[in-house]
Structure formats: C-alpha cells, structure tokens
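Residue numbers for the sequence shown follow UniProt numbering, beginning at 1 and rising by one. So the structure is just underneath, and the comments pick up after that.
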Amino acid sequence: MQLLQVLSDVLAEIDPKQLVDVREEMPEQTAKRMLSLLGILKYKPSGNATDMSTFRQGLVIGSKPVIYPVLHWLLQRTNELKKRAYLARFLIKLEVPSEFLQDETVADTNKQYEELMEAFKTLHKEYEQLKISGFSTAEIRKDISAMEEEKDQLIKRVEHLKKRVETAQNHQWMLKIARQLRVEKEREEYLAQQKQEQKNQLFHAVQRLQRVQNQLKSMRQAAADAKPESLMKRLEEEIKFNLYMVTEKFPKELENKKKELHFLQKVVSEPAMGHSDLLELESKINEINTEINQLIEKKMMRNEPIEGKLSLYRQQASIISRKKEAKAEELQEAKEKLASLEREASVKRNQTREFDGTEVLKGDEFKRYVNKLRSKSTVFKKKHQIIAELKAEFGLLQRTEELLKQRHENIQQQLQTMEEKKGISGYSYTQEELERVSALKSEVDEMKGRTLDDMSEMVKKLYSLVSEKKSALASVIKELRQLRQKYQELTQECDEKKSQYDSCAAGLESNRSKLEQEVRRLREECLQEESRYHYTNCMIKNLEVQLRRATDEMKAYISSDQQEKRKAIREQYTKNTAEQENLGKRRNLTLLPRLECSGTILAHSAFQYRWDFTMLARLVSNS
1 MQLLQVLSDV LAEIDPKQLV DVREEMPEQT AKRMLSLLGI LKYKPSGNAT DMSTFRQGLV
61 IGSKPVIYPV LHWLLQRTNE LKKRAYLARF LIKLEVPSEF LQDETVADTN KQYEELMEAF
121 KTLHKEYEQL KISGFSTAEI RKDISAMEEE KDQLIKRVEH LKKRVETAQN HQWMLKIARQ
181 LRVEKEREEY LAQQKQEQKN QLFHAVQRLQ RVQNQLKSMR QAAADAKPES LMKRLEEEIK
241 FNLYMVTEKF PKELENKKKE LHFLQKVVSE PAMGHSDLLE LESKINEINT EINQLIEKKM
301 MRNEPIEGKL SLYRQQASII SRKKEAKAEE LQEAKEKLAS LEREASVKRN QTREFDGTEV
361 LKGDEFKRYV NKLRSKSTVF KKKHQIIAEL KAEFGLLQRT EELLKQRHEN IQQQLQTMEE
421 KKGISGYSYT QEELERVSAL KSEVDEMKGR TLDDMSEMVK KLYSLVSEKK SALASVIKEL
481 RQLRQKYQEL TQECDEKKSQ YDSCAAGLES NRSKLEQEVR RLREECLQEE SRYHYTNCMI
541 KNLEVQLRRA TDEMKAYISS DQQEKRKAIR EQYTKNTAEQ ENLGKRRNLT LLPRLECSGT
601 ILAHSAFQYR WDFTMLARLV SNS
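Now the structure itself:
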C-alpha cells in the first residue's frame with residue numbers, strides 16, 4: 001500500500017489530476033487510473049502478453065518488482081513526462097462514432113476541434129523555439145529604446161561639434177589631419193598588440209624549450225644511469241604489484257561485490273516488511289550469533305596446544321595479509337593522489353600563464369617578490385599618511401570657505417539695506433553683472449585666440465608625433481623580424497632535439513626488448529635443467545634401492561648360514577616350487593588342468609626370478 005501511494009504521489013507530481021489517496025480508492029480503479037496515465041506517458045513494460053497480465057496484477061497488489069522499474073523510469077525523466085502529460089490533455093483525440101458524424105453540426109464541431117488541435121501544435125512549436133532562442137520581448141524593447149537614445153545623443157553631439165569646428169579656418173584640412181591621426185593611433189595600437197602577442201609567443205616558446213631541454217636532460221641521465229639489473233628489478237616490482245592486485249585484491253573485491261549484489265537482489269525480491277517482521281529477524285539474528293559464539297567457545301576449549309600454535313600462525317598470516325592489503329591500497333591511493341595533484345598543478349600553471357603570461361614564482365624569485373611587496377607597502381603607507389594629512393587640510397579649508405561665504409552673505413545683506421536707504425537699490429547687482437559679462441567676453445575672446453593657437457600647435461604636434469611613431473615603429477618592426485627569425489631557429493633546434501630523443505628512445509626500447517627475450521630464454525633453460533636434475537636424482541635413488549636389494553640377496557645367497565640362505569628369494573622360490581610339485585603329485589586327476597596351469601605360473605615365476613637374479617648379479621659386479 002505504501003509503494004502504491006508513493007507511485008500515486010509521483011504520478012500526481014507529473015499530472016496534478018492524479019492526486020488521490022489510495023486508501024480511499026478501490027484497487028481496480030487505482031490500477032485502471034495508473035495504467036491509463038502510464039499508457040499516455042508511453043511506458044512500455046518488458047515482456048509479452050502474459051507479462052502484461054502479471055504487470056497489471058503486480059500493480060494492483062503493489063509488488064516491488066513491478067513498481068520499482070516504473071518509479072525508476074518516471075523519476076529519470078520527470079520534466080519530459082510533465083510536458084507529455086500537459087500536451088496529452090489537448091492532443092489526445094476524442095473518438096467520435098461514425099454514425100454521429102453524419103450529423104452536420106457534430107461534423108462541423110469535430111472539424112473545428114481538429115483545426116484547433118493543429119493550431120495548438122503549431123503555437124506550441126513556436127513557443128518552444130522562442131524558449132530555446134533565449135530572447136524576450138521586454139529585453140529587446142529595452143535594448144531598442146536604449147540604442148535610440150544613444151543614437152539621438154550621438155547625433156546631437158556630432159551637430160554640436162560640427163558647429164564648433166565650422167567657425168574655424170581650414171576646418172576640412174584639420175578634420176583630415178585628425179582622421180589620419182586616428183588611423184595612425186589605431187594602427188599603433190594594433191602593432192603594439194601584435195608586439196605583445198609576439199613577446200608572449202616568444203616567452204612561451206622559450207619556456208617550452210626549457211621544459212623540453214629539462215626533459216631531455218632527465219631522460220639522458222636516466223638512460224646513462226639505467227642498468228639492466230635496475231630496470232629488471234623495477235619491472236619485477238611492478239609485475240609483483242600488478243600480479244598481487246590482479247590475483248588477490250581484485251578477485252576478493254569482485255567476490256565481495258557479487259555477494260553484496262546477491263544479498264541486495266534477495267532483499268529487493270522479498271515483499272515489503274513491517275515492524276513486526278523486522279523484530280522477528282532481529283531476534284533470529286541474535287539467536288544465531290549466540291549459537292556461533294557458543295560453538296567458538298567449545299572449539300577453543302577442545303583445541304590442543306598444537307592447534308593453538310596453528311591458530312597463532314593463522315592470526316599472524318591474516319595480520320600480514322591485512323597489512324599487505326592496506327599497504328597496497330595506500331600505494332594505489334598515493335598513485336591516484338599524485339596523478340591528480342600533477343594534473344591540478346599543470347592546470348594551475350596553465351591558468352597562471354594565461355592570466356599574466358608568467359610562471360609560478362619559486363625559491364629566490366618568490367623572496368625577491370616578497371621584498372618588493374614590502375618596499376611597496378612602506379611607500380603605500382607613506383602615501384596614505386600624506387593623503388590623510390591632505391584630507392585634514394581640505395576639511396580646514398572647507399570650513400574656512402563656509403565661514404567666508406556666511407560673512408559674504410551678511411555683507412551683501414548690509415549693502416542691500418544701505419542701497420535701499422539711499423534709494424539706489426540694485427546698483428551693486430547691476431555692476432556685478434556688467435563686470436561678469438565683460439569678464440565672460442574677454443574670456444571668450446581669449447579662448448578663441450587660444451583655440452587657434454592650440455589648433456596650430458596640435459597640427460605641429462601631430463606632424464611630429466607621426467614622424468616619431470614612424471621612426472619608433474621602424475625599430476619595432478626590425479626587432480620583430482629578428483624575434484621571428486630567432487623563433488624559427490629555436491623551433492628548428494627543438495625539432496632536431498625531438499628527433500634525437502625519439503631515436504634514443506627507440507634504441508633503448510629495442511635493447512630492453514632484447515634483454516627481456518634473453519632473460520625469458522635463460523629462465524626456460526633453467527627450468528629445463530632443474531626438471532632434468534630432479535628426474536636424474538629420482539632415477540639414482542631408484543637404482544640405489546635396487547642395488548641395495550641386490551647386495552642383500554647376494555649376501556644371503558653366498559652366506560654359509562642356512563638361516564640366512566633361507567631368507568634369500570631364490571631359496572624361497574625353489575621351496576615354493578618343490579612344494580607345489582609335491583602337492584601336484586598328490587592331487588586327483590580331475591584337478592590336472594588346474595595343476596598344469598599353476599605349474600605353468602610357477603615355472604614362469606621361477607624364470608622371472610632367475611632373470612631378475614642374473615640382472616642384479618650383473619649390477620653388483622659392475623658396481
């Protein structure tokens with residue numbers, strides 16, 4: 001029931017009409033409602049028709065294997081399904097029976113309904129395209145109004161400047177000179193930018209060359225110091241570590257993951273548990289744990305001292321294996337951390353280089369940078385103190401100005417009262433206005449004269465600036481050519497060094513492969529010789545045993561003691577033969593075939609014994 005309610009809530013999040021309490025609804029209605037919405041959302045359960053019936057039954061009873069895949073599918077694409085559910089309200093066509101469509105009113109209404117549906121489709125497509133484009137009408141209108149205001153301001157400013165310039169003589173020539181000045185300034189900025197770019201490229205090329213030279217130096221040192229023994233030792237260590245990871249660590253982790261997956265699948269396949277089921281499982285677990293502890297105690301009490309030693313060795317072995325696993329994990333983590341730190345350091349270096357075109361400061365350079373900052377901080381403190389003094393002085397002057405303004409206002413009021421008493425009110429104001437107008441006129445005349453002088457001086461300065469810039473740019477262009485030539489030489493040298501490095505690396509790689517083949521061949525020969533040695537050793541031991549048996553037989557056969565002679569194998573076989581012959585004579589004629597067979601066997605055994613005896617005698621004589 002809880003899973004059904006969760007599924008219903010998720011469907012309600014997609015379609016608000018599905019917000020229903022499952023406890024107040026019949027199971028058939030719930031299943032029908034959910035199936036209809038899932039059909040609209042185009043959910044396809046895996047399986048055939050029988051699985052579809054199982055899916056319906058599982059949806060009715062709230063089965064985990066049915067509801068979990070549905071929840072997974074819904075939660076993965078919530079926004080897409082919301083859109084689909086919204087469109088379904090307007091795009092799912094109502095099926096009208098054909099007999100109803102014969103009525104003209106119903107047919108016209110159905111036609112209008114289809115036309116409105118098509119119009120909705122087109123409008124929704126346009127809406128989606130506008131959403132994707134990222135433009136809004138309010139922003140566009142705001143930008144248009146701002147651009148129109150800027151346009152009006154620029155037009156007014158241009159007209160004002162035209163009026164000011166047209167009053168001067170030779171304004172067309174001056175405009176031409178100003179245009180040329182602007183073009184030259186733009187060209188100067190462009191050349192300065194190119195120069196800066198060339199400097200940055202040269203700086204990066206020098207740094208790259210230094211890095212390549214350092215790498216080449218380190219590779220040469222490694223190639224000079226490298227010996228076959230050290231290389232083999234390092235390769236053996238890497239092989240041992242990789243073998244341990246492949247044969248011990250990774251299989252254990254894989255087995256643990258498989259067990260966890262098996263347990264999780266088992267938990268998922270079981271039905272939902274209540275609080276009482278959980279309590280029952282906890283009680284069972286506690287009982288099993290107590291039984292396990294009792295069995296362990298009994299086993300420990302029954303163990304002998306030898307078993308105790310074995311358990312001690314087992315504990316030590318387990319401790320060593322755990323330490324080995326821990327060290328292997330630490331080594332793996334350290335390798336990953338080192339790789340991540342190297343990547344981060346390279347990223348930071350690239351960011352620093354792109355930001356200001358310089359490398360990260362190290363060692364003495366950083367100390368010099370700190371000393372420079374300290375000297376700048378002292379200068380900053382002095383300047384800050386001067387600014388504080390100037391601010392204090394500015395405050396005093398501002399207060400003095402306010403007092404003088406107040407005093408001036410008082411004097412003006414007194415002057416106005418005196419003028420009113422004398423009957424000449426407004427005289428001082430008129431005199432001030434006349435003085436101000438005459439001063440403005442003189443300033444305007446002076447400004448006109450200054451403007452003409454400034455324009456002539458500006459023209460002279462422009463000519464001088466153009467000539468200076470040309471001469472300065474000539475040296476810059478010359479320097480730029482030299483830098484380009486130097487860059488080409490450095491690039492060529494870098495390519496040569498790279499080819500030398502590649503050839504050296506190829507030679508080292510071929511030598512390493514030859515050494516590996518020779519080591520593999522020697523190991524195979526060693527294994528063959530070792531197996532041959534063990535085989536020869538076994539043959540020698542076997543021959544020694546046979547020789548010992550032969551000497552014992554010869555001693556017993558040659559000995560004068562009758563008891564020793566009786567122990568000999570020849571005497572035993574002779575005695576057995578005689579007994580069998582005597583027994584055969586006493587047998588009945590009915591047992592004659594069997595006796596003949598037994599005699600044949602005994603004769604064969606005696607022959608075999610004689611042959612073995614002769615071979616042993618030869619071995620003894622040879623030894």
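Even glycine gets a Cβ: it sits at the ideal position worked out from N, Cα and C. Given the structure is predicted, the values throughout are model-derived calculations rather than measurements.
With respect to Ile67, Leu11 sits apart: the two C-beta atoms are not nearer than 8 Å. The straight-line gap separating the alpha-carbon atoms of Arg349 and Asp502 is approximately 27 Å. Per DSSP, the unbroken alpha helix (DSSP H) holding Asp143 starts and ends at 137–166. Shown here, Lys44 sits in coil according to DSSP, grouped into three states, outside any helix or strand.
Look at the stretch 397–436 and you find no whole run of beta strand (DSSP E) that is 3 residues long or longer.
Nearest C-alpha to Ala178 among Gln5, Lys461, Ala205: Lys461. In terms of CA proximity to Ser36, Ala85 leads the group Gln169, Ala392, Val6, Ala85. Secondary structure note for Gly584: its alpha helix (DSSP H) is the uninterrupted segment 569–586. By the neighbour-count definition (other C-beta atoms within 10 Å, threshold 16), Glu432 is an exposed residue.
Counting along the chain, Pro228 sits inside the alpha helix (DSSP H) bounded by residues 228–244. The DSSP-derived three-state label of Gln102 is coil.
The alpha-carbon separation between Thr122 and Lys111 amounts to approximately 17 Å.
By the Cβ criterion, the stretch 72–79 is not in contact with the stretch 54–64, since fewer than three pairs of Cβ atoms, one from each stretch, lie closer than 8 Å. DSSP places Leu4 in the helix class (H, G or I) of the three-state scheme. Residue environment for Met34: buried (at least 16 other C-beta atoms within 10 angstroms of its C-beta).
Judged by DSSP in its simplified three-state form, Met52 adopts helix. Taking a cut-off of 8 Å on C-beta distances, the stretch 233–246 does not touch the stretch 517–536, as fewer than three cross pairs fall below it. Segment contact: the stretch 167–182 against the stretch 453–467, three or more CB-CB distances shorter than 8 Å; contact assigned. Shown here, Gly39 sits in a helix according to DSSP, grouped into three states. Taking a cut-off of 8 Å for Cβ pairs, the stretch 525–541 and the stretch 236–256 do not touch, as fewer than three such pairs fall below it.
Distance between Gln500 and Glu253, taken at the CA atoms: about 46 Å. Counting C-beta atoms within 10 angstroms of its own C-beta, Ala138 has fewer than 16 neighbours from the protein chains shown and is therefore classed as exposed. When the Cα atoms are used, His534 and Leu543 turn out to be separated by approximately 14 Å. Separation of Gln198 and Ser456 (C-alpha to C-alpha, rounded to the nearest whole angstrom) is 38 Å.
A straight-line Cα-Cα distance of about 23 Å links Leu41 and Gln129. Spanning the alpha carbons of Tyr127 and Lys83 requires a straight line of approximately 13 Å. Taking Leu7 as reference, the option from Trp73, Met52, Ser53 with the minimal CA-CA separation is Trp73. For the pair Ile14 and Leu81, the CB atoms are nearer than the 8 Å cut-off.
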